[in-house]
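> As numbered in the working numbering, residues 42 to 339 make up the sequence shown, in order. A virtual CB, placed ideally from N, CA and C, is assigned to each residue, including glycine. The structure follows.
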Amino acid sequence: MITKEAPAAAPAPTPAVPEVPRPGRKRPAWDEVPRWQIYLPLGIYLVFTLIPFYWILLFALRPAGSTSLVPWPMTTEHFEKVWTDRGFGTYFENSVYVGLATLVMTTLVALAGGYALARFDFRIKRGFMLALLCSQFVPGALLLVPLFEIFAELQMINSLGSVIIAETVFQLPLSIILISNFIKNVPYSLEEAAWVDGCGRFRAFRIVVLPLLRPGLIAVGSFAFVHSWNHFLFALMFLNNQSKQTIPVGLNSLMSADSVDLGALAAGGIVAAVPVVIVFAFIQKWLITGFSAGAVKG
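Shown next, in the form of structure tokens:
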């Protein structure tokens, strides 16, 4: 007679031990924080941020010799003084010319260099990228004397072209890297599809890739314009003729060893800042998108 052993009973499940919360201080939710604890630090920060701007407006708009903390009655005499008597009209035109020329040259060269790095493989590609990165650690002041000697040999001292070339050269490494990373985010298959349809490389780039690079181009161009607009050393070193100088050098001329015309200096600072603020107000959306998309390869 064959007997079958009864199957062993399954072990009873061990009851789960409830997790004991660690002792510590519970972080309060935002809804539980009193509003004054949020608005008070923000208000203090805002006040200390706006005070310098109000101080500049105060000196620029109140009459000369006035000690009032309110610019009333308001006057434009300081703006008229810097624009006509101090030559800021000429400085403004020179700065606009240098800024736009630097923008165009930097964007075109960075576009060509960035496309080459993103789409072509060549032997010195890694070394070239390393050289671009290392060049960012070289201060511009270190190269002032060699650049001055080069431009003197080329008879470009007191020429706006010398400042434009110097600004473009110093803007190119970062611009090429940004454009290169931005092009890498564009699928290569889009260009291949254009080639199949009969487009050449240049036409495929112009029709397919270039429209997708608008945020990157705006970011690179605006950065080049603002940097050349605010840069002081190159204009001071290469432009000795007053009719060729730019706004940063003009602001420096308002200060002397004996006295400083605070009203004229404040008015000149506003004249220098307003164009940049207006530009950023219109392109901030594309600027942020361009820098964030060009910073890493997606």
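Flag this pair as touching only if the segment 174-189 and the segment 222-230 have three or more C-beta atom pairs under 8 Å; answer yes or no.
Cβ pair count under 8 Å is below three, so no.
> Quick one: any contact between the segment 136-152 and the segment 198-214, if contact means 3 or more CB pairs under 8 Å?
Because the criterion of three Cβ pairs below 8 Å is met, the segment 136-152 and the segment 198-214 touch.
> Between the alpha carbons of Leu185 and Val290, how many angstroms are there, rounded?
For this step, residue 185 is matched to residue 144 along the sequence shown. For this step, residue 290 is matched to residue 249 along the sequence shown. Near 16 Å, if we compare the C-alpha coordinates of Val290 and Leu185.
> Go to Pro5, then tell me how far its alpha helix (DSSP H) extends in each direction, as first and last residue.
It is not possible to answer for residue 5, since the shown part of the chain is limited to 42 through 339.
> In three-state terms, what does DSSP make of Leu301?
Against the sequence shown, residue 301 aligns to sequence position 260. The amino acid at residue 301 is misidentified as Leu; the sequence shows Val. In the structure shown, Val301 sits in a strand (DSSP, three-state: E or B).
> Here's a check: name, in chain order, each residue in its chain whose Cβ is nearer than 7 Å to the Cβ of Ser284, leaving out the five neighbours to either side.
Here the question's residue 284 lines up with position 243 in the sequence shown. Here the set comprises Thr131.
> Count the CB pairs spanning the segment 241-261 and the segment 270-285 that are closer than 8 Å, and state whether there are at least three.
No: the two stretches stay apart, fewer than three of their Cβ pairs being nearer than 8 Å.
> Using 10 angstroms around the beta-carbon of Gly257, count the other beta-carbons present and answer buried if the total reaches 16, otherwise exposed.
Here residue 257 refers to the residue found at position 216 when the sequence shown is read from its first residue. Buried is the call here.
> For Thr117, which three-state DSSP category applies?
For the purposes of this step, residue 117 is taken as the residue at position 76 of the sequence shown. Thr117: coil per DSSP, three-state reduction.
> Could you tell me the distance, in whole angstroms, from the CA atom of Leu102 to the CA atom of Arg255?
As a position in the sequence shown, residue 102 is number 61, starting the count at 1. As a position in the sequence shown, residue 255 is number 214, starting the count at 1. If I take the Cα positions, the gap works out to 39 Å.
> Please list, in chain order, all residues of the same chain as Met146 whose beta carbon is under 6 Å from its beta carbon, the five residues on each side excluded.
The sequence position of residue 146 within the sequence shown is 105, counting from 1. Hits under 6 Å: Thr209.
> Using only alpha-carbon positions, find the residue among Phe133, Gly155, Ile288, Gly84 that is nearest to Met170.
Here residue 170 refers to the residue found at position 129 when the sequence shown is read from its first residue. Measuring from the Cα of Met170, the nearest candidate turns out to be Gly155.
> For Gly239, which of helix, strand or coil comes out of DSSP?
As a first step, residue 239 must be located in the sequence shown, where it is residue number 198. Coil, per DSSP.
> Does the Cβ of Phe161 have 16 or more other Cβ atoms within 10 Å, making it buried, or fewer, making it exposed?
In the sequence shown, counting from the first residue as 1, residue 161 sits at position 120. Exposed is the call here.
> Going by Cα to Cα distance, which pick from Leu99, Tyr86, Thr117 is closest to Ser109?
Numbered from its first residue, the sequence shown carries residue 109 at position 68. Out of Leu99, Tyr86, Thr117, Leu99 has the C-alpha closest to the C-alpha of Ser109.
> Taking the alpha carbon of Cys175 as the reference point, which residue from Leu215, Glu194, Thr287 has its own alpha carbon closest?
Residue 175 sits at position 134 when you count from the first residue of the sequence shown. The shortest Cα separation from Cys175 among Leu215, Glu194, Thr287 belongs to Leu215.
> When the distance is taken between beta carbons, is Arg127 closer than 8 Å to Ala305?
In the sequence shown, the residue the question calls residue 305 occupies position 264. In the sequence shown, the residue the question calls residue 127 occupies position 86. Closer than 8 Å, so yes.
> Just mark Ser230 as buried or exposed, buried being the case when its beta carbon has 16 or more other beta carbons within 10 Å.
Against the sequence shown, residue 230 aligns to sequence position 189. With fewer than 16 Cβ atoms within 10 Å of its Cβ, Ser230 is classed as exposed.
> Distance, Cα to Cα, Trp96 vs Leu149?
Numbered from 1 along the sequence shown, position 55 holds the residue referred to as residue 96. Numbered from 1 along the sequence shown, position 108 holds the residue referred to as residue 149. Those two C-alpha atoms are separated by around 40 Å.
> Would you identify the three-state DSSP class for Thr108, choosing helix, strand or coil?
Taking the first residue of the sequence shown as 1, we reach residue 108 at position 67. Coil, per DSSP.
> Quick one: grab the DSSP three-state call for Met278.
Your numbering for residue 278 matches position 237 in the sequence shown. Met278: helix per DSSP, three-state reduction.
> Using the beta-carbon count (16 or more within 10 Å), is Trp270 buried or exposed?
As a first step, residue 270 is located in the sequence shown; it is residue number 229 there, counting from the start. The residue in question, Trp270, is buried, as its Cβ has 16 or more Cβ neighbours within 10 Å.
> For Ser230, does the three-state DSSP call read helix, strand or coil?
Locating residue 230 in the sequence shown gives position 189, counting from the first residue. Correct three-state label for Ser230: helix.
> Let me know the secondary structure DSSP gives Met197 once reduced to three states.
On the sequence shown, residue 197 is found 156 positions in, with the first residue counted as 1. Of the three classes helix, strand and coil, the one that applies to Met197 here is coil, per DSSP.
> Count the other CB atoms, across all protein chains shown, that sit within 10 Å of the CB of Gly309; report buried if there are 16 or more and exposed otherwise.
Position 268 of the sequence shown, counted from the first residue, corresponds to residue 309. Gly309 is buried by the Cβ-count criterion.
> What first and last residue would you give for the alpha helix (DSSP H) that runs through Ile97?
Sequence index remark: in the sequence shown, residue 97 carries index 56 (1-based). Where Ile97 is concerned, the enclosing alpha helix (DSSP H) stretches over 76-102.
> Using a threshold of 8 Å, state whether the C-beta atoms of Val37 and Phe94 are closer than that.
Lying before the first or after the last residue shown, residue 37 is absent from the chain, which here runs from 42 to 339.
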